[in-house]
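K.L.:
Residue numbering for the sequence shown follows our numbering, starting at 64 and increasing by one per position.
Sending over a structure as structure tokens; questions will come in a sec.
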Amino acid sequence: MKYTRKDAKAHSRATMRGVWAAANTPFHADGSIHEDLYRRNVDHWINDLGIDGLFIAGKQGEFFSMSIDERKRMFDLSVEMAGDKAQTIMSCSDQNMTW
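Given below as structure tokens:
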């Protein structure tokens with residue numbers, strides 16, 4: 064998909080409106096993702112608080128604590144939970160100190 068910077072800005076201004084939340088990622092004591100608690104959080108943010116969008120697996124979401132498969136799982140859960148009620152942005156960041 065090819066688009067210009069101007070196109071990207073226009074799309075963002077038209078669609079990224081309202082209140083967005085940087086979603087945190089709850090973990091069990093063993094370090095695994097606590098999916099049930101995450102689902103409850105997303106349900107609360109979208110259905111109770113009425114937010115318009117979620118930013119997934121950013122710094123607040125502790126992407127650095129998750130494997131790539133775990134991040135993908137968070138993306139899937141978030142899209143499933145948001146449905147047509149809220150938008151999502153997925154962070155594809157990584158920390159790598161090697162060159």
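Quick reminder that beta carbons are idealized off the backbone N, C-alpha and C, glycines included.
Since we're looking at a predicted model, the values are computed, not measured.
(1) Restricting to Cα atoms, I'd like to know which of R68, D70, P89 and K72 is closest to Q123.
(2) Return the residue from the list D115, E125 and L140 that minimises the CA-CA distance to W195.
(3) Short check: CB of A120 to CB of M137, under 9 Å?
(4) At the level of alpha carbons, what is the spacing between S75 and Y66?
(5) Of the residues I109, E143, I131 and G146, which one's Cα is nearest the Cα of A85?
(6) Does DSSP classify M137 as helix, strand or coil?
(7) With a threshold of 16 other CB atoms inside 10 Å of the CB of R134, please say whether the residue is buried or exposed.
(8) Could you pull the start and end residues of the alpha helix (DSSP H) that L100 belongs to?
P.N.:
On the basis of the coordinates in this document:
(1) Taking the first residue of the sequence shown as 1, we reach residue 123 at position 60. Per the Cα distances, P89.
(2) Residue 195 lies beyond the stretch modelled for the chain, which goes from 64 to 162, so this question has no answer here.
(3) Against the sequence shown, residue 120 aligns to sequence position 57. Against the sequence shown, residue 137 aligns to sequence position 74. Contact: yes.
(4) Here residue 75 is taken as the residue at index 12 of the sequence shown, counted from 1. Here residue 66 is taken as the residue at index 3 of the sequence shown, counted from 1. Their Cα atoms are separated by approximately 13 Å.
(5) Numbered from its first residue, the sequence shown carries residue 85 at position 22. The shortest C-alpha separation from A85 is found at I109.
(6) Here residue 137 refers to the residue found at position 74 when the sequence shown is read from its first residue. Reduced to three states, the DSSP call for M137 is helix.
(7) For this step, residue 134 is matched to residue 71 along the sequence shown. Buried: at least 16 other Cβ atoms inside 10 Å.
(8) Against the sequence shown, residue 100 aligns to sequence position 37. Segment E98 to D106, the alpha helix (DSSP H) holding L100.
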